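Engineer: I'd like to ask you about the structure that follows.
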Amino acid sequence: MTRSEALKLIQTHISTKNLVNHSLACEAIMRRLAKHFGEDEELWGLAGLLHDLDYDYTKDKPEEHGYKTLEILGDSVSPEVKNAILAHCEKKVPETLMEKALYAVDPTSGFIVAGALIKPERKLSAIDVEFLMNRFKEKGFARGANREQIKSCENFGLSLEEFLSLALQAMQEIAGEIGL
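So the sequence shown is residues 1 to 180, counted in UniProt numbering.
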């Protein structure tokens, strides 16, 4: 599957701009991580872009989340992408580097967006890693962003600070596309 084909699926199956932006942010972070680790940026990007493709269908049926995406995708993506999608929503234990990365990336994009939105500018350019590290310690900030899941970056060799730095840089590069 190409990126343009994946974007068409996003337009067909995702109804909210915020979720489209989340998918684009996760794609950007996954691509950045792939580059960092010398992995396939296209493959990793597809996993990030498509991971919540079924959210509109499964938001009230979390037990189906991930499985519905695989049903929609059929044989159009590799088993590696499918496994990463299942791992991000805890339908399988993250084993590969890509699976572990997507598991950590999913809540990280929301955490970073929350950081940008509390600044008067409401822009990603208004925040830095130090700001994110300080906010990470605040339990009441971005409460929905699972801290343990984000910290699982340590399971694939990145400190929290390194991981947030790569993620923030990736999102800042597409800030115009995601309205931040």
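Note that the Cβ used here is the ideal one computed from N, Cα and C, for glycine as well.
Please read these numbers as outputs of a predicted model, since none were measured by experiment.
Would you mind giving the Cβ-Cβ distance between I85 and G66, rounded to the nearest angstrom? I have them listed as a contact below 8 Å.
Structural biologist: At roughly 5 Å, the Cβ-Cβ gap stays under 8 Å, so I85 and G66 are in contact.
Engineer: Closer than 8 Å is the cut-off here; do at least three beta carbon pairs connect the segment 85-105 with the segment 149-162?
Structural biologist: At 8 Å Cβ cutoff, the stretches touch.
Engineer: If we require 4 or more residues per run, which alpha helix (DSSP H) segments fall completely within the UniProt domain "HD/PDEase" (15-120)?
Structural biologist: 17-37, 41-50, 55-58, 67-73, 79-88, 97-117, all fully within the UniProt domain "HD/PDEase" (15-120).
Engineer: Determine the DSSP secondary structure at N146, reduced to helix, strand or coil.
Structural biologist: N146 falls in the coil class under three-state DSSP.
Engineer: With DSSP run on the structure shown, which of helix, strand or coil describes S159?
Structural biologist: It is coil, neither helix nor strand.
Engineer: CB-CB under 8 Å to D40, same chain, minus the five flanking residues each way: which ones, in chain order?
Structural biologist: Closer than 8 Å at Cβ, skipping near neighbours: A34.
Engineer: Between F141 and A114, which are expected to be in contact by the criterion C-beta below 8 Å, what is the C-beta distance as a whole number of angstroms?
Structural biologist: The Cβ separation is near 7 Å, so the contact holds.
Engineer: On the criterion of 16 or more Cβ atoms from any shown chain inside 10 Å, does N83 qualify as buried, or is it exposed?
Structural biologist: The residue in question, N83, is buried, as its Cβ has 16 or more Cβ neighbours within 10 Å.
Engineer: Is the CB-CB distance between A6 and L43 below 9 Å?
Structural biologist: No, the Cβ-Cβ distance between A6 and L43 is not below 9 Å.
Engineer: Find the nearest neighbour of K91 within the set V105, I29, E64, judged by alpha-carbon distance.
Structural biologist: It is E64.
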